[in-house]
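Shown next, in structure tokens, is the structure this report addresses.
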Amino acid sequence: MSILVLYIHPESSLDKIWEQNMSFLKKKNNAAFVFFIITLYAFLGFGLGFIIWEYVL
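Each residue of the sequence shown is one higher than the last, beginning at 290 in this note's numbering.
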């Protein structure tokens, strides 16, 4: 039985990667916003259709 211990130094490059990801998310990205809206509408439509199919019909 082996135990894997992962030690991350506090000033590792993961902090830099995290900062880059956060700055990427803060930028205005219209394609991601449109994808989010389309996905949201698809899930809402599927959920509403499923409820109607299962409980109304």
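Glycine included, C-beta positions come from ideal geometry on N, C-alpha and C.
Counted as a single uninterrupted DSSP element, the alpha helix (DSSP H) harbouring Tyr330 occupies residues 319-340. In its own chain, leaving out the 5 sequence neighbours on each side, no residue places its CB closer than 7 Å to the CB of Asn319. For Gly336 and Ala321, the gap between their C-alpha atoms comes out near 22 Å. Here the alpha carbons of Gly334 and Glu343 stand approximately 14 Å from one another.
Across the structure, Ile340 and Lys317 are spaced so that their CA atoms are roughly 35 Å apart.
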